[in-house]
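Numbering (full-length UniProt numbering), first residue to last: 1 to 367.
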Amino acid sequence: MSNGEQKSEKLLSLAHFKSAAIKCAVELGIPTAIKRCGRTATISDLIKEISLVPAKAPYLSRLLRFLAFFGLFEEDEEEFASAKSKTVYKLTPTSRLLVQEADNDSTCDMSHMLLLFTRPSTTVSTFFDVERWIRDPTSTKTVFEAAHASMADSRFTMEVVIKEAGGYFKGLKTLTDVGGGHGAATAAIVATFPDMQCTVMDLQQVVSSAPECGGTVKFVVGNMFESIPPADVVLLKLVLHSWDDASCIKILKCCKEAIPPTGGKVFNINTVLGHRGETSKHVTEVQLLLDLYMMRGHGFERDERQWKTIFLEVGFANYTVIPLQDPLAMIVLHPSPLVVEMTVKVTGTGGAKEDSFLSTDEAEAAP
Ligand SMILES: C[S@@+](CC[C@H](N)C(=O)[O-])C[C@H]1O[C@@H](n2cnc3c(N)ncnc32)[C@H](O)[C@@H]1O
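Here's what the structure looks like:
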């Protein structure tokens with residue numbers, strides 16, 4: 001074994017230390033403490049701000065040195081009145097998303113999502129036991145049978161969706177958010193489009209614990225495999241990736257029945273693996289990690305060819321994929337043949353071409 005191979009073996013086997021270190025920093029409240037210290041903090045500032053005993057300073061320094069290496073914090077040397085330079089830590093665009101400010105609605109606090117992904121008793125332990133599940137030929141049930149009612153990143157994702165694909169929401173009168181949990185995505189939509197009448201549909205146990213939203217948002221109990229309240233648009237955010245193809249086809253057939261045959265749309269917000277849009281190596285890495293994460297249930301992330309097979313089976317006429325500045329994309333499904341209404345970042349090439357089923361750029365390219 002060469003030196004290089006040995007090094008990369010170590011890097012791979014220690015990779016989970018990265019998640020553990022980020023979890024530790026968030027639980028200690030370091031991003032929030034740096035912000036409170038005026039966005040620049042020394043180790044002694046942090047020790048005071050988060051009430052640690054001074055003897056822990058060397059350990060905190062090592063943790064921050066490690067995280068600064070990965071860009072979670074910026075590390076700098078600053079001259080102080082004592083003429084001695086000290087290391088200071090600053091927030092970066094990534095750690096700004098981990099500032100926990102319950103009283104400040106304008107920040108996007110992604111710390112809950114991070115803590116969900118790094119929770120030892122569920123997410124992490126499940127992953128370190130995947131081998132047993134893969135070997136077991138009879139295992140169909142997973143420890144994650146219960147669906148998660150709300151995703152802490154909904155607001156952040158919807159801000160990106162509205163920025164990148166807001167044109168698709170303009171002029172809509174009604175929208176049904178299927179499997180909408182506690183309505184975080186819908187709340188972000190009505191904050192920008194206050195006249196839209198929105199229905200959030202979910203299971204009894206989720207709706208019964210939903211917070212009061214008021215305004216134009218109403219919650220209904222329903223089963224997406226049976227029927228969906230009619231609307232101009234049906235939104236499915238992070239729903240279909242939890243289901244196998246046959247289930248996705250059933251859900252999408254109900255969605256298609258709920259929208260007008262002409263002009264109606266389904267917005268499917270999900271990963272499109274390896275999508276050519278703004279896909280960079282970094283985004284692909286996140287998408288592949290999310291796909292691994294989906295192994296904890298029955299779900300998986302799909303590439304465009306896999307999505308297209310499902311859409312074709314349901315009987316949609318066209319689709320448009322809008323890549324987001326996120327590992328996700330918004331796929332707009334049209335029930336009737338395409339009337340090209342917008343030319344936003346339109347993409348779509350995967351798989352063999354079907355004459356009657358084209359993604360928008362195929363349709364535009366067609367003679
Ligand atoms: C992964 S969560 C996504 C929640 C939300 N759309 C978001 O992006 O945060 C999936 C949601 O689908 C709901 N769900 C599961 N089965 C359902 C069904 N048969 N009918 C309606 N909703 C269902 C779950 O209760 C859960 O809230």
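From the three backbone atoms N, C-alpha and C, an ideal C-beta is built for every residue, glycine too. Since the model is a prediction, treat every value here as computed from it, not as a measurement.
*asked:* On the DSSP bridge list, what partners appear for D303?
replied: Within the DSSP secondary-structure output, D303 pairs in a beta bridge with L273.
*asked:* ligand 1 and D202: does the residue's C-beta get closer than 7 Å to at least one heavy atom of that ligand?
replied: The answer is yes for D202.
*At what residue ranges does the segment 160-189 contain a whole run of the alpha helix (DSSP H), taking only runs of 4 or more?*
Correct list: empty.
*Whose C-beta lies closer than 6 Å to the C-beta of I43 among residues of the same chain, with five residues either side of it excluded?*
Taking I43 as the centre and dropping the five residues before and after it, the same chain places the C-beta of A57, L60 and S61 closer than 6 Å to its C-beta, in chain order.
*For E304, count neighbouring Cβ atoms within 10 angstroms of its own Cβ and tell me buried if that reaches 16, exposed if not.*
Residue environment analysis places E304 among the buried positions, since at least 16 neighbouring C-beta atoms fall within 10 angstroms of its C-beta.
_Span separating the alpha-carbon of M294 from that of V124_ = Cα-Cα distance, rounded: 13 Å.
_Distance between D326 and V283 (C-alpha atoms, nearest Å)_ = Take the alpha-carbon of V283 and the one of D326: they are about 7 Å apart.
_Could you tell me the alpha carbon to alpha carbon distance between F117 and F17, rounded to whole angstroms?_
Straight-line spacing of the CA atoms in F117 and F17 works out to 14 Å.
_Length-filtered (3 minimum) beta strand (DSSP E) runs lying within the segment 43-100_ = Taking only runs of at least 3 residues, the beta strand (DSSP E) segments lying wholly in the segment 43-100 are 73-79 and 85-91.
*Note down the Cα distance separating F80 from Y89, rounded to an integer number of angstroms.*
Roughly 14 Å separates the two Cα atoms.
*Is the beta carbon of T309 sitting closer than 8 Å to the one on Q287?*
No; because the gap between Cβ atoms is not below 8 Å, this pair is not in contact.
*How long is the line joining the alpha carbons of F225 and L252, rounded to whole angstroms?*
Going by the C-alpha atoms only, they are around 9 Å apart.
*asked:* For G179, tell me which candidate among T92, K173 and V207 has the shortest Cα-Cα distance.
replied: Selected option, being the one with the closest Cα: V207.
*Given 8 Å, three or more beta-carbon pairs between the segment 190-205 and the segment 253-262*: Segments in contact, no.
*Grab me the residues of H148's own chain with a C-beta within less than 7 Å of its C-beta, minus the 5 sequence neighbours each way, in chain order.*
At H148 the pLDDT is 40, less than 50, meaning the model places this residue with poor confidence and gives no usable figure here.
*asked:* Taking the alpha carbon of S280 as the reference point, which residue from K10, G171 and L328 has its own alpha carbon closest?
replied: Nearest of K10, G171 and L328 to S280, Cα basis: L328.
*From A246 to T176, what distance separates their C-alpha atoms?*
Going by the C-alpha atoms only, they are around 22 Å apart.
*Where do the ends of the beta strand (DSSP E) carrying Q197 lie?*
Segment Q197 to D202, the beta strand (DSSP E) holding Q197.
*Please find out if some non-hydrogen atom of ligand 1 comes closer than 7 Å to the beta-carbon of F225.*
At least one heavy atom of ligand 1 is nearer than 7 Å to the Cβ of F225, so yes.
*Whole-angstrom distance between V221 and residue 368, CA atom to CA atom*: The displayed coordinates of the chain run from 1 to 367. Any statement about residue 368 would go beyond what the structure contains.
*Go to M330, then tell me how far its beta strand (DSSP E) extends in each direction, as first and last residue.*
From DSSP, the beta strand (DSSP E) with M330 extends over A329 to H334.
*Cα-Cα, which of T92, I322 and M330 is closest to N268?*
Taking only the C-alpha atoms, the option nearest N268 is M330.
*Candidates P335, G297 and G263, of which the one nearest L240 by Cα*: The option with the nearest alpha carbon to L240 is G297.
*In whole angstroms, what separates the C-alpha of L236 from that of D76?*
So the two alpha carbons sit approximately 44 Å from each other.
*asked:* Could you check if G297 belongs to the surroundings of ligand 1, using beta carbon to heavy atom distance under 7 Å?
replied: No, since every heavy atom of ligand 1 falls outside the 7 Å radius drawn around the Cβ of G297.
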